[in-house]
Amino acid sequence: MVRLITHNLLACHVKGCTTNNFPLVFQDAQVEIHEAEFNEDFIRGFMPKIEWKALVDSARQLGDTSLPEEQPEMADDDFLKTLHHVLLEMHIEEGAMVCQNCGHVYPISNGIPNMLLAEHEIG
Amino acid sequence: MLPTPDLSHLTKEDFIRVYEPAEDTFILLDGLENDAVELQNLDPKICLEIGSGSGCVSAFVGKLLGSSRCLYLTTDINPYASKCTVSTGKQNAVPIESITASLDSPLALRLRRNVDLLIFNPPYVPTSSEEADAAQESRGIGGSWAGGTDGMEITGLFLNNLPNLLSTNGRFYLVGVAVNNISAIHQNLRGLRLDGKVILHRRAGREHLYVMKFMRILTP
Ligand SMILES: C[S@@+](CC[C@H](N)C(=O)[O-])C[C@H]1O[C@@H](n2cnc3c(N)ncnc32)[C@H](O)[C@@H]1O
Ligand SMILES: [Zn+2]
Chain C
1 MVRLITHNLL
11 ACHVKGCTTN
21 NFPLVFQDAQ
31 VEIHEAEFNE
41 DFIRGFMPKI
51 EWKALVDSAR
61 QLGDTSLPEE
71 QPEMADDDFL
81 KTLHHVLLEM
91 HIEEGAMVCQ
101 NCGHVYPISN
111 GIPNMLLAEH
121 EIG
Chain V
124 MLPTPDLSHL
134 TKEDFIRVYE
144 PAEDTFILLD
154 GLENDAVELQ
164 NLDPKICLEI
174 GSGSGCVSAF
184 VGKLLGSSRC
194 LYLTTDINPY
204 ASKCTVSTGK
214 QNAVPIESIT
224 ASLDSPLALR
234 LRRNVDLLIF
244 NPPYVPTSSE
254 EADAAQESRG
264 IGGSWAGGTD
274 GMEITGLFLN
284 NLPNLLSTNG
294 RFYLVGVAVN
304 NISAIHQNLR
314 GLRLDGKVIL
324 HRRAGREHLY
334 VMKFMRILTP
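Chains C and V, in that order, give the protein sequences. First residue of the first sequence? That's 1 in my numbering, and the numbers climb one at a time after it. First residue of the second sequence? That's 124 in my numbering, and the numbers climb one at a time after it.
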């Protein structure tokens, strides 16, 4: 599965590609919504690990504009539910993720990202 | 006793292309289960399994810790293993984020010191380096066991990344066999400021299997 929670953790790792290699930009993304069990402790615990701007921009790319520009200091219930939806319920099933720096294309098929590189691209 | 995850959706044909859970898998499950209380108290937010194969181990951990309490990430170089890992997650109601990749490569940047639970049952069988390289490149089932010199070439590569990945209180579970030189692994990781011990040891046919657990050495 590629959900935004995972996308927020993936970077381009082509040899020598070390700046602007995160976040990867979606291309031709097909999104499916699947409900996930809401766990407040998990969402709260995960918040400090999120690269906020990357998450907001990526969600917008996929047509979801529900997140605020800045991560709020106080997370109320509504906000946590919104964040839960964006992180865990949007599944990118097909398409690709592209590095903004080197242009490398990482395909997504059946919800699985292929991050493998050819021998000469490995650092 | 937690049951072994339901793998009834996988067929003989699947196990031609992906590693079928065997004694090494089961000793790892036993090691994790023995530590159940400790792991539940650790309350990990990110669990990463390298080389997930059928997905049996991550599904088991998901059952042990709770499917919504933690993010279950896996990698495997075999694309077919990634697919089986997803379906095993579904079959056992554990959402597993399966990624086709070598070791932690696309995650290393962002997961820096963020992995609370790290698991690897690596290709540990001694082969020639050429055979291990070819198996890695073919991305098929041969990569499940071909480990190169001392069976340590793939594991060795990974161990160097390890200190960057583990969170402050993170735990790393590693499967090995006697020919991998278990005490050398411990020595190597001590050099990287990780402390470890053998938590289970079992003989299965010709193999002496070990489950090791490592943690950061915390300087007060
Ligand atoms: C011994 S099998 C273990 C499978 C499963 N975790 C289990 O315990 O049954 C080793 C797995 O590691 C995978 N693997 C080998 N080299 C790898 C690499 N460089 N990166 C990620 N996975 C790798 C293999 O494809 C295989 O699925
Ligand atoms: Zn790049």
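Beta carbons: idealized from backbone N, C-alpha and C, even for Gly.
Tell me which same chain residues have a C-beta within less than 6 Å of the C-beta of residue i, skipping the five on either side of it?
i: V:R262; result: I200, N201
i: V:Y296; result: I242, K336
i: V:N215; result: P128, D129, A182
i: V:E254; result: A269
i: V:T198; result: I173, I222, A224
i: C:V56; result: L67
i: V:Q259; result: G266
i: C:Q61; result: F26
Quick check: is any heavy atom of ligand 2 less than 7 Å from the C-beta of residue i?
i: C:C102; result: yes
i: V:V321; result: no
i: V:C207; result: no
i: C:V105; result: no
i: C:C12; result: yes
i: V:C193; result: no
i: C:C17; result: yes
Got a sec? Which residues, its chain only, sit under 8 Å from residue i by beta carbon, not counting five neighbours each side?
i: C:L24; result: H7, L10, A11, C12, M97, V98, C99, Q100, Y106
i: V:L317; result: L285, P286, L289, F295, F337, M338, R339, I340
i: V:L155; result: L162, V180, F183, V184, L187, I242, Y296
i: C:R3; result: L87, L88, E89, M90, H91, I92
i: V:D273; result: P249, V302, N303, N304
i: C:T19; result: N101
i: C:P72; result: F79
i: V:G212; result: G178, S181, A182, G185, Y195, P218, I219, S221
i: V:R326; result: L332
So, for residue i: in the same chain, excluding its five sequence neighbours on each side, which residues have a beta-carbon less than 7 Å away from its beta-carbon?
i: V:K168; result: C193, L194, D239
i: C:F38; result: K81, H84
i: V:A159; result: L187
i: V:V141; result: G176, S177, N201, Y203, A204, C207, I264
i: V:D147; result: N244, V298, L332
Hey, quick one: how far does the alpha helix (DSSP H) through residue i stretch, first residue to last?
i: V:F281; result: 276-288
i: C:R44; result: 40-46
i: V:H309; result: 305-314
i: C:D77; result: 77-84
i: C:I5; result: 4-7
i: V:V248; result: Taken as a continuous stretch (DSSP letters only), V:V248 belongs to no alpha helix (DSSP H), as it is neither H nor E.
i: V:L133; result: First-last for V:L133: undefined, no H or E at that position.
i: C:A54; result: 52-61
i: V:R235; result: Looking at the DSSP string, V:R235 is not in any alpha helix (DSSP H), and its letter there is neither H nor E.
i: V:R192; result: Where V:R192 is concerned, there is no enclosing alpha helix (DSSP H), given that its DSSP letter is neither H nor E.
i: C:F22; result: Element bounds for C:F22: n/a, residue is neither H nor E.
i: V:I264; result: Looking at the DSSP string, V:I264 is not in any alpha helix (DSSP H), and its letter there is neither H nor E.
i: V:D137; result: 137-140
Does the distance between the C-beta of residue i and the nearest non-hydrogen atom of ligand 1 fall short of 7 Å?
i: V:I150; result: no
i: V:I200; result: yes
i: V:I219; result: no
i: V:Q214; result: no
i: V:G299; result: no
i: C:P23; result: no
i: V:S267; result: yes
i: V:L85; result: Lying before the first or after the last residue shown, residue 85 of chain V is absent from chain V, which here runs from 124 to 343.
i: V:I277; result: yes
i: V:V180; result: yes
i: V:N244; result: yes
i: V:I173; result: yes
i: V:A204; result: yes
i: C:G45; result: no
i: V:Y333; result: no
i: C:Q61; result: no
i: V:S251; result: no
i: C:S66; result: no
Per DSSP, residue i forms a beta bridge with which residues?
i: V:D199; result: V:T223
i: C:P107; result: C:A96
i: V:K320; result: V:K336
i: C:N114; result: V:T223
i: V:A216; result: In the DSSP output, where bridge partners are listed per residue, V:A216 has none listed.
i: V:G176; result: Paired residues: none, contrary to the question.
i: V:G271; result: DSSP output for V:G271 lists no bridge partner at all.
i: V:Y296; result: V:I242, V:K336
i: C:V14; result: C:I122
i: C:M90; result: C:I33
i: V:A301; result: Paired residue(s): none; V:A301 is not in a bridge.
Span of the beta strand (DSSP E) holding residue i?
i: V:Q163; result: Counting along the chain, V:Q163 falls outside any beta strand (DSSP E), though it belongs to the alpha helix (DSSP H) covering 159-165.
i: V:F243; result: 238-243
i: C:V31; result: 25-33
i: V:I173; result: 169-173
Report yes if the C-beta of residue i is less than 7 Å from at least one heavy atom of ligand 3; otherwise report no.
i: V:G176; result: Ligand 3 is absent from the structure shown, which contains only ligand 1 and ligand 2.
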